[in-house]
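Novice: FYI, in full-length UniProt numbering the residues of the sequence shown are 1 to 257. Each residue gets a CB set at the ideal place from its N, CA and C atoms; glycine is no exception. Predicted, not measured: the structure shown is a model, and the values here were computed from it.
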Amino acid sequence: MSKEVRVAAIDIGTNSTRYLLADVSPVGEISRVEAALKTTRLGEAITAGRLTEQAMARTTAAVTEFWRRAQGKGAEKILLVATCAVREADNREDFLQLVRQATGLEVRVLTEKEEAFYTFLGVLTGFPIPEADLEKIAVVDVGGGSTELTWVEGKRFIARSLPLGAVRLTEQNGGSQAVAAALQPVCRSLAGRRIIGSGGTITTLAAVAQGLAVYDPERVHGYKLSAEEVADLSSRLARLSLDERRKVRGLQPERAD
């Protein structure tokens, strides 16, 4: 690449659809132009194994809006990716066809390992970590349908995808026992590592901890939460009614349930 290229990425998740427009330099430096998010709840019936007509329509509308926005801003490349909800849906081709008809673009459905790997790369972009320290961290990405855990052992990149997404656990009434059972096989590998969190669930906790009336990515990025703070926040939110959670500073109303 001999010149700067403007690239857009649209990430179709289980709970939200995210958009990023950035300029990429010839040496790979990324400069964000704009970003946006819509809570589209594509995986609202994820435990049934099928995407609903309403959810597909909502998400296709959001993807189309972001696609047009990127075109209007001069994007030379527009990349569409989808994760757990589409990956697991029996009728995923119906959704992919809707997006294809609306935008003319193909959606790349990421495998579990690809999703984890790209999350890890994203973290390294946001937090430049010396190679010698890579074995001291683990990346945890809590999504709507699944949770990806990634870490490095020696020269090996290790990824695990667990069925612990926020939407899935809500639909299944999953609690601490389900989480503990799923995490048990990987706990030893994560012991002693610094955890770097990614995804809307983690960033929401950081926003609530700071009582942000308006979400501010600059204040959320890099914010440090202790394990005790995470446990206390989770316990406090769990005790509130839905209406009470909607009034919590830092918690977006559409995430209250």
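Give the DSSP-derived three-state secondary structure of Lys-136 in the structure shown.
Specialist: Look at Lys-136 here: in three-state DSSP terms it is helix.
Novice: If we count Cβ pairs, one from each stretch, closer than 8 angstroms, do we get three or more for the region 28-45 versus the region 109-124?
Specialist: no
Novice: Between Arg-50, Val-99, Val-142, which lies nearest to Ile-195 when the distance is taken from Cα to Cα?
Specialist: Residue Val-142 is the option with its Cα nearest to Ile-195.
Novice: For Leu-240, report the span of its beta strand (DSSP E) as first-last.
Specialist: That residue, Leu-240, is in no beta strand (DSSP E); it is neither H nor E in DSSP.
Novice: Please give me, in chain order, every unbroken run of the alpha helix (DSSP H) with length at least 4 that falls completely inside the region 92-124.
Specialist: 92-103
Novice: Taking the C-alpha atoms as reference points, what is the distance between Gln-210 and Leu-21?
Specialist: 27 angstroms
Novice: Evaluate Cys-187 with the Cβ neighbour count: other Cβ atoms within 10 Å of its Cβ, from every protein chain shown; 16 or more gives buried, anything less gives exposed.
Specialist: exposed
Novice: Does the region 87-107 come into contact with the region 123-138, if we say contact requires no fewer than three beta-carbon pairs (one atom in each stretch) closer than 8 angstroms?
Specialist: Here the region 87-107 makes no contact with the region 123-138; the two share fewer than three CB pairs at distances below 8 angstroms.
Novice: Alpha carbon to alpha carbon, what distance is there between Leu-242 and Pro-253?
Specialist: 9 angstroms
Novice: What does the alpha-carbon distance come out to for the pair Phe-120 and Val-139?
Specialist: Cα-Cα distance, rounded: 6 angstroms.
Novice: With contact counted as at least three CB pairs below 8 angstroms, one residue from each stretch, are the region 75-82 and the region 5-25 in contact?
Specialist: yes
Novice: Going by DSSP in three states, Asp-11 sits in which element: helix, strand or coil?
Specialist: strand
Novice: Among Gly-165, Ala-191, Gly-144, which has the Cα closest to the Cα of Trp-151?
Specialist: Ala-191
Novice: Taking all protein chains shown into account, do 16 or more other C-beta atoms lie within 10 angstroms of the C-beta of Arg-219, making it buried, or fewer, making it exposed?
Specialist: Exposed: under 16 other Cβ atoms inside 10 Å.
Novice: Might you give, ordered along the chain, the residues of its own chain that have their beta carbon closer than 8 angstroms to the beta carbon of Val-86, omitting 5 neighbours on each side?
Specialist: Excluding sequence positions up to five before and after Val-86, its CB lies within less than 8 angstroms of the CB of Ile-12, Leu-42, Leu-51, Arg-92, Phe-95, Leu-96, Val-107, Val-109, all in the same chain and listed in chain order.
Novice: Return the chain-ordered list of same chain residues with a C-beta closer than 6 angstroms to the C-beta of Phe-66, the five sequence neighbours on each side being excluded.
Specialist: Ile-10, Tyr-19
Novice: In the DSSP assignment, find the unbroken beta strand (DSSP E) run with Ile-30 in it and report its ends.
Specialist: 30-38
Novice: Given a cut-off of 9 angstroms, decide if Leu-205 and Leu-240 are closer than it, judged by their beta-carbon atoms.
Specialist: no
Novice: Count the other CB atoms within 10 Å of the CB of Arg-160; is the residue buried (16 or more) or exposed (fewer)?
Specialist: buried
Novice: Could you tell me which of Glu-53, Thr-17, Pro-26 sits nearest to Leu-37, measuring between CA atoms?
Specialist: Thr-17
Novice: Sort Thr-60, Glu-88, Arg-193, Pro-26 by Cα distance to Ser-226 and report the nearest one.
Specialist: Arg-193
Novice: Among all the DSSP beta bridges, which residues are the ones paired with Trp-151?
Specialist: Ala-138, Ile-158
Novice: Taking the DSSP output, what are the residues bridged to Arg-6?
Specialist: Asp-23
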